[in-house]
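Residue numbers (my numbering): 7 to 754.
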């Protein structure tokens with residue numbers, strides 16, 4: 007791993023810039039991601055490492071080369087700051103790095119692998135997706151990062167008139183093979199079409215490119231329509247420079263998962279026909295993930311395909327994930343008066359209440375799948391937190407046990423006359439407050455209970471209060487400011503995401519203005535504006551334990567923050583498009599992100615590594631929800647489907663069909679028995695989550711191919727559909743007693 011702008015990138019995805027990727031004997035070229043570069047292929051330093059930045063010889067050589075380059079460009083102040091941070095002596099540059107451009111021999115400090123300072127700097131970890139390309143000639147061409155490297159792959163090409171012949175010939179071959187191989191081999195159509203078209207455009211064969219596009223674009227899968235629309239706008243070589251879509255196609259190899267038999271069939275055909283044009287494209291731009299076993303069926307392939315860069319590699323989902331819940335602190339719950347009565351009115355012993363040992367129950371014993379309690383530093387419980395946990399436990403004893411025969415009641419909060427444009431909603435965990443984010447840049451907070459919202463008294467009035475009194479927390483509140491709602495001003499663009507802190511003292515909001523703001527719910531003022539994203543921020547969420555929060559935006563990265571740090575602790579880079587939604591795992595050790603690139607990624611908070619990549623959605627992902635036991639994940643997207651994932655095995659386990667528009671909200675009941683989904687089709691649907699997970703066969707997960715057969719049992723799992731008159735569902739929330747709250751803005 008290597009630190010990137012205060013965050014981490016996955017070691018498996020780090021590569022050096024190479025104009026010609028290395029290839030093994032199976033055409034499996036190593037995936038190249040020009041957006042994430044590493045200082046050294048063997049680098050294993052992390053942000054939390056105690057090792058000095060200049061400790062290892064290779065690190066020291068790289069650092070000296072960077073310092074030499076900065077000094078050469080007369081950036082003396084930067085040189086001094088970096089030298090002091092690294093703990094290098096003042097004469098380090100003179101004695102060790104006097105001539106960084108000279109070839110190194112046997113590990114001297116002059117350079118690394120014989121590279122000069124300019125090319126060395128191009129290997130220093132940067133993240134173009136974070137908006138900070140390295141200011142060097144080696145890494146920048148015409149003010150666009152890595153454009154020359156990206157486009158060089160299209161410089162070698164054959165007769166433009168034969169492109170249609172090559173593609174048609176391969177198409178005829180694939181359509182003539184046995185049915186068991188046809189579905190798998192058909193996966194190559196789309197990436198081949200894209201790269202053949204781009205080759206024609208790059209080499210100024212505009213008319214041939216147009217004819218090629220018109221003839222074959224209609225044969226591609228429907229879920230690539232949006233990508234093809236963007237591709238059709240690239241008609242000249244000039245259009246390709248700096249185009250994000252092109253960079254995505256080139257820098258992230260399209261992954262195809264194919265059985266060995268199907269692969270051998272394709273390879274034999276291309277060799278017999280001596281079709282070097284297609285062979286070269288497959289070697290250069292595709293990653294063939296070969297597995298042993300029976301070829302997959304069309305339905306199995308369709309379930310997993312659809313993302314911007316094909317399916318996830320099987321290796322990407324094999325890391326160990328500690329999905330279990332952390333052990334709850336020992337807190338004694340005082341008995342209620344009614345519980346203290348050993349006998350009822352008839353003098354009979356009181357019946358014990360049934361024990362609620364369900365999917366959603368909090369862990370009292372150490373879960374074998376849980377991370378270590380101190381794996382990441384979590385805030386200590388304050389007295390107020392302990393009181394809140396006691397209240398939670400009391401509420402839990404009165405929780406309704408949901409199931410197929412016992413569905414939850416639903417309370418719908420409709421925002422009427424919301425001319426400001428409702429864009430986000432959130433409830434506090436105890437369901438006492440509701441907040442809305444609006445397109446007019448405001449955040450509004452309402453009290454759902456009879457208790458009104460009050461501000462803390464002024465400093466002068468606070469000095470008059472007896473701080474030793476038992477009701478001091480009540481006395482500090484100013485009754486004159488009591489009202490049913492408060493409006494928070496501060497953002498300079500539409501507010502797209504909001505999140506209450508677990509202790510209900512703070513509220514987060516993120517906006518088009520590129521900032522995340524932290525608001526105090528005691529003073530109803532903005533405490534901090536977190537600036538890091540360069541573009542609109544689409545979502546933000548507090549950790550279940552408070553203190554940490556995550557944000558994701560248009561700059562394609564998610565950032566992990568702590569409330570008392572103005573800079574992010576981690577930057578999660580890897581998505582190829584906007585990060586549209588973010589969620590914390592119940593144990594707070596992982597963050598999950600959904601993206602417009604139609605993939606879901608699970609990130610390790612401690613290391614910053616991406617430990618899971620889920621593909622299967624056919625449109626941008628808009629909502630995510632973890633099951634209360636932390637073992638499963640639900641996702642919803644513009645394709646109208648709800649997909650369920652097993653986090654431990656890294657596989658899709660169920661597909662819920664029924665919604666006719668974007669799924670915008672998902673929430674598991676507190677016991678994990680029911681999954682509620684809300685959509686822009688104005689409906690709330692309830693699904694039998696317990697049955698969906700209980701029906702899973704353990705053997706399904708041991709398949710060497712890394713996939714299982716999905717049953718089309720949506721109708722069996724659908725427990726109910728509830729329609730609003732004309733209100734898209736923006737948010738869902740289960741109360742502590744399992745009442746379902748839904749919210750949305752009435753669309754006249």
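Just so it is clear, CB atoms sit at the ideal spot from N, CA and C, and this is done for glycine as well.
Straight-line spacing of the CA atoms in residue 665 and residue 496 works out to 36 Å. Using a 10 angstroms sphere on the CB of residue 236, the tally of other CB atoms stays under 16, which defines it as exposed.
Take the alpha-carbon of residue 169 and the one of residue 604: they are about 30 Å apart. Residue 655 has its alpha-carbon roughly 30 Å from the corresponding atom of residue 553. DSSP links residue 747 through a beta bridge to 417 and 739.
Taking 3 residues as the minimum length, the stretch 65–95 contains no beta strand (DSSP E) run wholly inside it.
The shortest CA-to-CA distance from residue 450 to any of 220, 238, 430 and 466 is the one to 430. Here residue 228 is exposed, its C-beta having fewer than 16 other C-beta atoms within 10 Å. Taking a contact to require three or more Cβ pairs closer than 8 Å, the stretch 616–634 and the stretch 583–602 qualify as touching. Of the residues 485, 435 and 443, the one whose Cα lies closest to the Cα of residue 458 is 485.
Setting aside the 5 residues that flank it on each side, residue 590 is surrounded in the same chain by 547, 549, 550, 556 and 597, each with a C-beta closer than 7 Å to its C-beta; the list follows chain order.
Per DSSP, reduced to three states, the secondary structure at residue 536 is strand. Residue environment: residue 407 is assigned as exposed (fewer than 16 neighbouring CB atoms within 10 Å of its CB, all protein chains considered). Residue 405 has its alpha-carbon roughly 10 Å from the corresponding atom of residue 399. Annotated as distal: residue 462 and residue 440, with beta-carbon spacing of 7 Å or more. With fewer than 16 other Cβ atoms from the protein chains shown falling within 10 Å of its own Cβ, residue 336 counts as exposed. Look at residue 717 here: in three-state DSSP terms it is coil, with no helix or strand label. Beta-bridge pairing by DSSP links residue 186 to no other residue. In the DSSP assignment, the residues bridged to residue 565 are 557 and 577. Beta-bridge partners of residue 526 (DSSP): 512 and 531. Here residue 631 carries a strand assignment [DSSP, helix/strand/coil]. Residue 545 and residue 175 have their C-alpha atoms roughly 46 Å apart. Residue state for residue 270 is assigned as helix, using DSSP reduced to three classes. The bridge partners DSSP lists for residue 609 are 597 and 616. A distance below 7 Å between beta-carbons, with the five flanking residues on each side excluded, links residue 426 to the following residues of its chain, in chain order: 444, 445, 446 and 448. For residue 221, the closest of 210, 203, 232 and 233 by C-alpha to C-alpha distance is 203.
Residue environment analysis places residue 678 among the buried positions, since at least 16 neighbouring C-beta atoms fall within 10 angstroms of its C-beta. At a Cβ-Cβ threshold of 7 Å, residue 738 and residue 682 count as neighbours. Annotation: residue 694 to residue 409 spans about 7 Å, alpha carbon to alpha carbon. The three-state reading of DSSP puts residue 423 in coil, since its state is none of H, G, I, E or B.
The C-beta distance from residue 560 to residue 542 rounds to 5 Å, short enough to fall under 8 Å.
Distances from the alpha-carbon of residue 189 to those of 246, 262 and 498 put 262 closest.
A direct Cα-Cα distance of roughly 19 Å separates residue 581 from residue 653.
Annotation for residue 498: no alpha helix (DSSP H) segment contains it, and DSSP assigns it neither H nor E. Distance from the Cα of residue 413 is smallest, within the candidate group 696, 330 and 499, for 696. Taking all protein chains shown into account, residue 178 has fewer than 16 neighbouring C-beta atoms within 10 Å of its C-beta and is therefore exposed.
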